[in-house]
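The structure appears below as structure tokens.
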Amino acid sequence: MDFRRWSNIALAAIVLVSAGVAVVLWLNGEPGAIALTPVYAFLIWALLREIDPDHDWTALLGAGVTAVWGLTGGPLTSGLALAGLMVAARIITSTTGRRPLLTDLAGVTVFGIAIGFSVAGWAAGFGIALAIYLDDRLSGDNRLAAIAASASTAIGTTVVANSSGAFPERLPNIIQGVAAVAGIVALLILVRDPAEPISQVDARHAAFMDRVRLHVSRSVVGILVFLTAILTGVRADGLIVVIAALGLAVVSNEIALIRSRDL
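Going by numbering that gives the first Met the number 0, the sequence shown opens with residue 0, and the numbers climb by one from there.
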């Protein structure tokens with residue numbers, strides 16, 4: 000978090016203001032969960048920074064909308080699941096500019112397994128397993144550590160979900176509008192190539208982000224959100240801000256593609 004950048008200062012303002020409003024609302028009788036609103040705003044910002052790294056406005060708008068949505072009583076999905084989606088995107092996009100160390104793999108494996116106690120958490124945990132595998136393949140490697148971490152995460156998060164009764168015994172009642180929009184957004188992300196990234200990875204050597212990795216990262220997140228919208232049934236309305244965030248990434252990408260053709 001480099002506070003020499005205006006966008007990070009704007010994010011800090013959104014988080015601090017939403018935190019202050021949340022405390023006031025809580026003291027006036029609102030549920031304690033409202034205090035987590037600034038956390039959700041930050042996580043949406045972080046997710047958009049991974050899947051749309053070239054445009055600060057999408058991340059800030061996503062954070063602002065999430066803050067207003069949460070403070071006005073809008074439903075929000077699991078914060079741990081949202082963090083899991085962000086971690087999966089970060090691994091695939093490789094915004095750090097370096098390969099995951101053994102300690103990194105161990106940490107994300109434990110995290111991916113631990114969040115599997117809900118349907119949304121299981122989807123995100125499975126996404127982390129997929130991200131570890133895809134990162135290895137996109138790098139042209141076949142590391143035993145990565146394969147073991149991927150398999151352990153996929154199996155472990157599924158065991159946790161099954162043990163905690165996260166999976167519904169029968170197909171849930173789907174909120175058709177939410178599922179349909181999530182499916183459309185995921186499809187648009189799949190079929191539309193991202194504009195050539197101009198952002199550089201956080202590495203000591205200057206290197207631009209990889210376009211293929213960015214496309215795969217967006218696609219995985221889009222599919223996971225669509226899957227979660229189906230599996231969570233009537234609670235899928237908690238994904239509305241996440242779907243909206245993905246929609247912002249689609250819009251910003253189309254604007255970037257149009258601008259690149261006009262140059």
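We put the beta carbon where it would ideally sit given N, CA and C, even for glycine.
query	result
In DSSP terms, what Phe110 is bridged to	DSSP lists no partner for Phe110.
Close-in-space but distant-in-sequence residues of the same chain around Val64 (CB under 7 Å, 5 per side omitted)	Val240 and Ala243
Supposed close pair Gly83, Gly139 - CB separation, criterion 8 Å	Rounded, the Cβ-Cβ distance is 26 Å, inconsistent with contact.
C-beta contact flag for Ile131 and Ser149 at 8 Å	yes
Contacting residues, own chain, Cβ-Cβ under 8 Å from Val118 (five flanking each side not counted)	Ala160, Ala165, Phe166, Pro167, Thr227, Leu230 and Thr231
Distance between beta carbons of Val211 and Leu137, contact taken as under 8 Å	7 Å
Environment of Pro74 [buried if 16+ CB atoms lie within 10 Å]	exposed
Exposure of Asp192, with buried meaning 16 or more beta-carbon neighbours within 10 Å	exposed
Where the alpha helix (DSSP H) containing Ser216 begins and where it ends	Arg210 to Leu230
Three-state secondary structure (DSSP) of Phe166	coil
Segment limits, alpha helix (DSSP H) that includes Asn172	No alpha helix (DSSP H) contains Asn172, which DSSP labels as neither H nor E.
Validate contact between the segment 87-97 and the segment 206-226 using beta carbons, cut 8 Å, 3 pairs	yes
Beta carbon proximity, Asn141 to chain B, threshold 8 Å	Of the protein chains in the structure, only one exists, and it is not chain B.
Same chain, Cβ closer than 6 Å to Ser93, neighbours up to 5 away in sequence not counted	Arg212
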